[in-house]
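There are 2 protein chains.
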Amino acid sequence: MPHTHKDQDTPELLLENQLCFAVYSAAHAFTAAYKPLLDQIGVTYPQYLVLLVLWEANGSSVGEIGGKLNLDSGTLTPLLKRLEAQGFVSRNRDKNDERVVRVHLTAMGRDARIHAVAARRAIVCSLETTEPEIQKLKTLVTELDGRLRTSGPNR
Amino acid sequence: MPHTHKDQDTPELLLENQLCFAVYSAAHAFTAAYKPLLDQIGVTYPQYLVLLVLWEANGSSVGEIGGKLNLDSGTLTPLLKRLEAQGFVSRNRDKNDERVVRVHLTAMGRDARIHAVAARRAIVCSLETTEPEIQKLKTLVTELDGRLRTSGPNR
DNA sequence: CACAATTGAATTGCGTACAACTTAAAAAGC
DNA sequence: GCTTTTTAAGTTGTACGCAATTCAATTGTG
Chain A
1 MPHTHKDQDT
11 PELLLENQLC
21 FAVYSAAHAF
31 TAAYKPLLDQ
41 IGVTYPQYLV
51 LLVLWEANGS
61 SVGEIGGKLN
71 LDSGTLTPLL
81 KRLEAQGFVS
91 RNRDKNDERV
101 VRVHLTAMGR
111 DARIHAVAAR
121 RAIVCSLETT
131 EPEIQKLKTL
141 VTELDGRLRT
151 SGPNR
Chain B
1 MPHTHKDQDT
11 PELLLENQLC
21 FAVYSAAHAF
31 TAAYKPLLDQ
41 IGVTYPQYLV
51 LLVLWEANGS
61 SVGEIGGKLN
71 LDSGTLTPLL
81 KRLEAQGFVS
91 RNRDKNDERV
101 VRVHLTAMGR
111 DARIHAVAAR
121 RAIVCSLETT
131 EPEIQKLKTL
141 VTELDGRLRT
151 SGPNR
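For the protein sequence lines, the chains are A and B, in the order given. According to full-length UniProt numbering, the first sequence is numbered sequentially starting from 1. According to full-length UniProt numbering, the second sequence is numbered sequentially starting from 1.
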């Protein structure tokens with residue numbers, strides 16, 4: 001009897017079979033898990049990602065930050081203005097090239113790193129897995145990310 | 001010599017070691033990969049997720065959709081209004097409980113399923129992996145999602 | 001039955017994301 | 001050297017995503 005109640009000729013589109021949804025949901029879960037921890041520092045999750053970049057490469061340009069996080073200026077400019085307004089960073093035009101804006105950590109931005117380390121440890125702990133397991137999964141997801149970005153009609 | 005150039009006492013916070021960023025980035029990559037395909041149907045990626053739910057459970061309430069997608073009414077109400085304005089669904093109060101709004105697919109919403117199957121196949125194909133591999137990774141990510149959601153200070 | 005507590009959507013406000021466009025500065029071409 | 005092209009940020013408009021609040025309908029309790 002075809003056309004019964006829930007006739008699934010294609011299990012391909014069942015929500016629970018979708019890797020894309022699993023990733024979408026996990027991304028939100030990470031944001032939510034980090035939220036109470038980042039609230040204490042006073043930054044949002046995307047702002048925390050920007051700080052991760054700056055702790056590694058202080059003085060990066062808006063474009064460099066965007067290149068690492070895959071975000072464009074339309075997202076970063078207002079976000080950086082908020083980080084600046086809250087005292088975490090300073091934004092200044094590069095003397096040698098007035099087109100680029102360099103973002104530097106303030107003392108406050110530098111200090112926030114300590115709390116970030118603690119936050120990250122708390123999350124890892126709550127995952128109840130080993131660091132190697134986390135890195136293994138990270139590698140798989142990064143590989144997926146790469147394939148998605150290098151395949152489309154463009155590029 | 002401590003404090004050299006890029007002194008990393010804690011590789012814990014290196015961007016490329018962050019599972020959370022890998023997931024964050026992959027989620028955006030999925031959205032971008034689906035975009036040109038969904039553009040042809042005329043829906044956004046989150047709207048597509050709602051359609052996935054409805055193709056499986058037509059007539060779901062706003063709350064039921066949100067329960068499956070982990071989205072609240074603040075996100076869904078305007079999204080559903082747009083889906084309705086574009087002719088994919090209808091929204092009506094439940095006769096037995098005037099608080100709940102039931103969402104039903106229109107003929108157009110039902111028909112869009114065909115194109116969605118094609119879109120999903122195109123994405124899977126671009127990943128150059130087998131369906132079992134995709135499902136394996138999906139399982140790992142879903143497990144991660146679960147741990148993140150059941151650990152926090154709440155719950 | 002009356003009334004308090006709960007529930008389901010909707011609304012408001014803020015912060016991403018991204019497409020499309022603008023503007024200013026630098027690089028390239030002639 | 002002057003114009004054309006390219007590049008880097010910023011701006012504008014639309015669509016999420018979520019916290020917090022509101023409002024109406026239903027449920028629970030005395």
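No residue lacks a Cβ here, since even glycine has one placed at the ideal position from N, Cα and C.
Chain B contact residues for F21/A, given Cβ-Cβ distances below 7 Å: Locating residue 21/A in the first sequence gives position 21, counting from the first residue. L49, listed in chain order.
is_contact[L76/B, chain A] using C-beta, thresh 8 Å: For this step, residue 76/B is matched to residue 76 along the second sequence. Closer than 8 Å: no.
Secondary structure of R113/B, DSSP reduced to three states: Indexing the second sequence from 1 puts residue 113/B at position 113. In this structure, R113/B counts as helix in the three-state DSSP scheme.
Within chain B, the residues that E128/A reaches when beta carbons sit closer than 9 Å: The residue given as residue 128/A occupies position 128 in the first sequence. Result: R147, S151.
Beta carbon proximity, N92/B to chain A, threshold 8 Å: Residue numbering aside, residue 92/B sits at position 92 when the second sequence is read from its first letter. N92/B does not count as touching chain A.
Per-residue DSSP class, three states only, for V101/A: Against the first sequence, residue 101/A aligns to sequence position 101. Three-state result, V101/A: strand.
Within-8 Å CB hit, K68/A to chain B: The sequence position of residue 68/A within the first sequence is 68, counting from 1. With 8 Å as the cut-off, K68/A counts as an interface residue toward chain B.
Amino acids of chain A, ordered along the chain, whose beta-carbon sits closer than 7 Å to that of H28/B: Translated into positions along the second sequence, residue 28/B becomes position 28. Under the 7 Å cutoff, chain A gives N70.
Residue ranges of each beta strand (DSSP E) within the UniProt domain "HTH marR-type" (16-146) of chain A, 3 or longer: 89-93, 101-105
Contacts of Q135/A in chain B (Cβ-Cβ under 8 Å): Translated into positions along the first sequence, residue 135/A becomes position 135. Simply N17, L19.
Chain B contact residues for R82/A, given Cβ-Cβ distances below 8 Å: Walking along the first sequence from the start, residue 82/A turns up at place 82. Residues of chain B passing the Cβ test: none, with the nearest at roughly 19 Å.
Assigned exposure category for G59/A - 16 Cβ within 10 Å defines buried: Here residue 59/A corresponds to residue number 59 of the first sequence, with the count starting at 1. With fewer than 16 Cβ atoms within 10 Å of its Cβ, G59/A is classed as exposed.
Minimum Cβ-Cβ distance from T142/A to chain B less than 8 Å: As a position in the first sequence, residue 142/A is number 142, starting the count at 1. It does; some Cβ of chain B falls within 8 Å.
Under 8 Å between C-beta atoms of R147/A and E128/B: In the first sequence, residue 147/A corresponds to position 147, counting from 1. In the second sequence, residue 128/B corresponds to position 128, counting from 1. Their beta carbons are under 8 Å apart, which means R147/A touches E128/B by this criterion.
Short CB-CB distance (under 8 Å) between T106/A and chain B: Position 106 of the first sequence, counted from the first residue, corresponds to residue 106/A. Cβ-Cβ to chain B under 8 Å: no for T106/A.
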